[in-house]
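Data first, discussion second: the structure below is written as structure tokens.
Numbering (the UniProt record's numbering), first residue to last: 1 to 163.
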């Protein structure tokens with residue numbers, strides 16, 4: 001796949017994500033927003049697999065297993081949670097996203113060659129900045145989402161937390 005086509009497909013996926021967020025802002029357009037989000041994510045995943053496919057059968061098994069476990073758990077959770085508890089569910093999922101960002105940055109720090117960000121044993125300066133931002137933003141997202149979940153769920157008072 002050419003670099004231009006790859007970038008175009010990622011751009012289309014990004015536009016679909018923006019349309020998804022826009023659609024989710026209103027109950028009347030939320031179904032369309034969800035469709036845009038699913039199509040965008042499918043396009044991004046398929047593009048990534050086309051650009052750098054997993055090596056060997058074990059690589060593909062890991063991809064399929066990850067999709068099956070994640071999709072299965074997501075489906076079970078989505079079906080069991082009442083609509084009135086959706087804000088808590090969203091906060092809980094966002095905390096996972098923040099924690100994932102921290103883990104990705106930590107993985108890049110400990111195995112830079114696997115991420116293609118080291119030359120001659122040294123990590124590129126812009127990659128260090130990206131990893132630092134990933135850890136900072138991920139940690140803030142994780143912490144804020146855990147606090148939001150606790151407040152929405154009634155486990156923590158709604159009063160502001162002062163540092």
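Cβ coordinates follow ideal geometry from the N, Cα and C atoms, glycine included. The model shown is predicted, which means the values in this text are computed figures rather than measured ones.
Whose CA, out of the options, lies closest to the CA of residue i?
{"i": "residue 139", "options": "96, 24, 111 and 118", "result": "96"}
{"i": "residue 144", "options": "88, 45, 83 and 64", "result": "88"}
{"i": "residue 81", "options": "111, 153, 2 and 6", "result": "153"}
{"i": "residue 10", "options": "72, 44, 24 and 137", "result": "44"}
Three-state secondary structure (DSSP) at residue i?
{"i": "residue 26", "result": "coil"}
{"i": "residue 161", "result": "coil"}
{"i": "residue 124", "result": "coil"}
{"i": "residue 34", "result": "helix"}
{"i": "residue 1", "result": "coil"}
{"i": "residue 156", "result": "coil"}
Return the CA-CA distance between residue i and residue j, expressed in angstroms with no decimal places.
{"i": "residue 124", "j": "residue 118", "result": "6 Å"}
{"i": "residue 36", "j": "residue 114", "result": "32 Å"}
{"i": "residue 133", "j": "residue 70", "result": "26 Å"}
{"i": "residue 78", "j": "residue 48", "result": "26 Å"}
{"i": "residue 219", "j": "residue 141", "result": "The chain is shown only over 1 to 163; residue 219 falls outside these bounds and no answer can be derived."}
{"i": "residue 90", "j": "residue 106", "result": "25 Å"}
{"i": "residue 57", "j": "residue 64", "result": "10 Å"}
{"i": "residue 104", "j": "residue 33", "result": "28 Å"}
{"i": "residue 27", "j": "residue 83", "result": "13 Å"}
Drop a sphere of 10 angstroms on the beta-carbon of residue i, count the other beta-carbons inside from all chains shown, and report buried for 16 or more, exposed for fewer.
{"i": "residue 131", "result": "buried"}
{"i": "residue 13", "result": "buried"}
{"i": "residue 53", "result": "exposed"}
{"i": "residue 149", "result": "buried"}
Whole alpha helix (DSSP H) runs in the segment 38-120 with 4 or more residues, listed along the chain?
56-80, 86-110 and 112-115
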